[in-house]
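Going from the sequence shown to the numbering used here is simple: count from 1 and add 33. Report on one structure; see the data block that follows.
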Amino acid sequence: MKLIEQMPSQADRKLQEILQPGEAIRLCVASDMVNHRTFGEKWLVVTDRRVLVFSAEESDDIAELPLNTITSAKIEHLVGGGKLEVSLDGEVLELLYYSSSLSGKFGEVAKAIEQ
């Protein structure tokens with residue numbers, strides 16, 4: 034499964050603004066939900082340093098976690114979709130939501146983050 038997807042230009046511009054010099058992208062995928070009830074595009078980018086979650090439409094909607102603080106990643110199946118969660122020292126954080134059609138992709142994403 035391809036885990037580096039082509040971003041639309043607006044999302045790519047936003048990503049280029051937040052990448053640090055020399056930071057390498059390892060994973061880049063889109064979700065089809067902006068929260069647990071609203072359809073829209075949200076991006077998950079994993080670099081060699083950080084995990085970034087952002088929406089191209091929202092100006093300041095950026096979640097950022099140092100990659101070395103994540104102890105595990107998993108998906109949780111919900112009615113009509115699911116969510117991607119990560120654990121940081123026992124604390125569970127919801128990264129993003131997605132519809133059922135993307136469950137397989139985000140299962141692979143959780144495995145990739147753990148690796």
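Virtual Cβ for every residue (Gly too), placed ideally from N, Cα, C. Predicted, not measured: the structure shown is a model, and the values here were computed from it.
- Per DSSP, I103 lies in no beta strand (DSSP E) and is assigned neither H nor E.
- Straight-line measurement puts the Cα of N101 at about 30 angstroms from the Cα of F72.
- Secondary-structure assignment with DSSP links L111 through a beta bridge to G114.
- Taken through DSSP and simplified to helix, strand or coil, A96 comes out as strand.
- Within the same chain, and ignoring the five residues on either side of E97 in sequence, the residues whose Cβ sits closer than 7 angstroms to its Cβ are R83, L85.
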